[in-house]
Each structure stands twice: as structure tokens, then as C-alpha cells.
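**Student:** Quick one: the structure is below, questions incoming.
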Amino acid sequence: MASNYFHGYLHLELPETGHQTKGLTERIQDYEDTEGVYIPIKKLFILIPQSLHTKPKIQSSSMHAVKHLETVILDRGGVKRPFKNAVYRVSGCGPEKNLTWYVVLEGATPMMSFYEGLTYRLTCTGEMYDMKREITLQFYRALKKIVTNCPDTKDLVELVYYNDTTAEGDDVDVGEVVKERLQTLVSKSGLPLK
Numbered sequence: 037m038a039s040n041y042f043h044g045y046l047h048l049e050l051p052e053t054g055h056q057t058k059g060l061t062e063r064i065q066d067y068e069d070t071e072g073v074y075i076p077i078k079k080l081f082i083l084i085p086q087s088l089h090t091k092p093k094i095q096s097s098s099m100h101a102v103k104h105l106e107t108v109i110l111d112r113g114g115v116k117r118p119f120k121n122a123v124y125r126v127s128g129c130g131p132e133k134n135l136t137w138y139v140v141l142e143g144a145t146p147m148m149s150f151y152e153g154l155t156y157r158l159t160c161t162g163e164m165y166d167m168k169r170e171i172t173l174q175f176y177r178a179l180k181k182i183v184t185n186c187p188d189t190k191d192l193v194e195l196v197y198y199n200d201t202t203a204e205g206d207d208v209d210v211g212e213v214v215k216e217r218l219q220t221l222v223s224k225s226g227l228p229l230k
């Protein structure tokens, strides 16, 4: 799954190609210029919840979807395929919790498909269900290894593997998970807090 996701999507859509198609970094810079916003970490954040379940709308009280980056159209198998990356506004950032930052973010679609397969009687096997945690962790580890070892993508992807359920069985606030990761990365990078 990780290899297919990488070769069929991430490695096609994210890197600079030197041709007409813009890579992720250039599209983020264009977005910042056009929209007048700050995207401190110029990577695609990919959410990988331990439960495998990603809601159709990724949002919370501190995080909301806004306009997507410029669409990339690539020829794949005789079809011009559009690739889009969603941008989210994250409020309450920075040491004073008074900054608004933006992030390019999506759920890991192969894990979403795997989750759907687990919930559909005709495609789910007992082994799949029993091994779902191991499969999810293996996907995360394999994808991390692939994207960090590929010179074209190593600086373009931030994998966010997280426990999306509290000890009481409630949903974890995904906005807080993203905000915490953003703040950690900004702090480590020494980027300006604006």
C-alpha cells in the first residue's frame, strides 16, 4: 500500500519537475502570495489515525479547510488526472496562542480505503481485521522510509501517525494534534513566528 501511494501519487505530484508542472513548494509559495497567508511548514501533512478512520471533513474548533492549492493535472494511463491539496487554517498557534497559521493537509487515502474494506462484509476477512493495527503501523513505517529516503520527497512530507481516540473512547481533537506538530516543527526550525 505504501509503495503504491508513493509511486501513484506522492512522487508524481509533490516534487519540482523542471517542466510546466509546479511542485508542492512552488504551489505553496504561490498560495501564500495570492492569499496573503503564512504556511510555516511547506510540506504535505498526511494524517494516519490509529483507528484508520478519517472523517470526510477534517476539521475541529481550531482548524478549518480553506481554498486548496493550485490543481496539478498529470497524464496517467491516458487520462488527465487532477491532483489537489487542501489547505487548512489553524488558529491559536504560537507561544501566546494568538497566531493563525496554515497547513497543507490530508488523510492517508490508502488507510481510508483499508478502513472501508474492513467495514464491508464482502471484502473483509478475519485476518485483515485481526491484523489492522499491524497493517496500519507497517504502512506508516514503510511510507516514512520511502519518503525520507527519496531525495525528491524527503523535505515535502510530514507523516502524522496518532492515536485518535482517548482512553474514554472519545475522539481526539485532530486540530490540536496538527497544531502541536506544527508548533514543534516551527520551534525546531527557528522560523519566524508571524
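In terms of our numbering, the numbers along the sequence shown are unbroken and rise by one, the last being 230. Even glycine gets a Cβ: it sits at the ideal position worked out from N, Cα and C.
(1) What would DSSP say about residue 76, mapped onto helix, strand or coil?
(2) With a threshold of 16 other CB atoms inside 10 Å of the CB of residue 231, please say whether the residue is buried or exposed.
(3) Does residue 170 come out as helix, strand or coil in the three-state DSSP assignment?
(4) Roughly how far, in whole angstroms, is the beta-carbon of residue 192 from the beta-carbon of residue 80, given that I think they are within contact range, below 8 Å?
(5) Got a sec? Which residues, its chain only, sit under 8 Å from residue 110 by beta carbon, not counting five neighbours each side?
(6) Could you tell me the distance, in whole angstroms, from the CA atom of residue 52 to the CA atom of residue 203?
(7) Return the first residue and the last residue of the alpha helix (DSSP H) that residue 4 is part of.
(8) Which residue comes first and which comes last in the beta strand (DSSP E) that contains residue 226?
(9) So the alpha helix (DSSP H) residue 38 belongs to, where does it begin and stop?
**Tutor:** In brief:
(1) Here residue 76 is taken as the residue at index 40 of the sequence shown, counted from 1. Three-state DSSP puts residue 76 in coil, outside helix and strand.
(2) Given a span of 37 to 230 for the chain in the structure shown, any question on residue 231 remains unanswerable.
(3) For this step, residue 170 is matched to residue 134 along the sequence shown. Residue 170: helix per DSSP, three-state reduction.
(4) In the sequence shown, counting from the first residue as 1, residue 192 sits at position 156. In the sequence shown, counting from the first residue as 1, residue 80 sits at position 44. Rounded to the nearest angstrom, the Cβ distance from residue 192 to residue 80 is 6 Å, consistent with a contact under 8 Å.
(5) For this step, residue 110 is matched to residue 74 along the sequence shown. Contacts found: 48, 49, 57, 116, 117, 119.
(6) Residue mapping note: residue 52 aligns to position 16 of the sequence shown, counting from 1. Residue mapping note: residue 203 aligns to position 167 of the sequence shown, counting from 1. For residue 52 and residue 203, the gap between their C-alpha atoms comes out near 42 Å.
(7) Absent from the structure is residue 4, since the part of the chain shown begins at 37 and ends at 230.
(8) What you label residue 226 is simply residue 190 of the sequence shown in a count that begins at 1. Here residue 226 belongs to no beta strand (DSSP E), and DSSP marks it neither H nor E.
(9) Stepping through the sequence shown from its first residue, residue 38 is reached at position 2. Run containing residue 38: 38-41, per the alpha helix (DSSP H) assignment.
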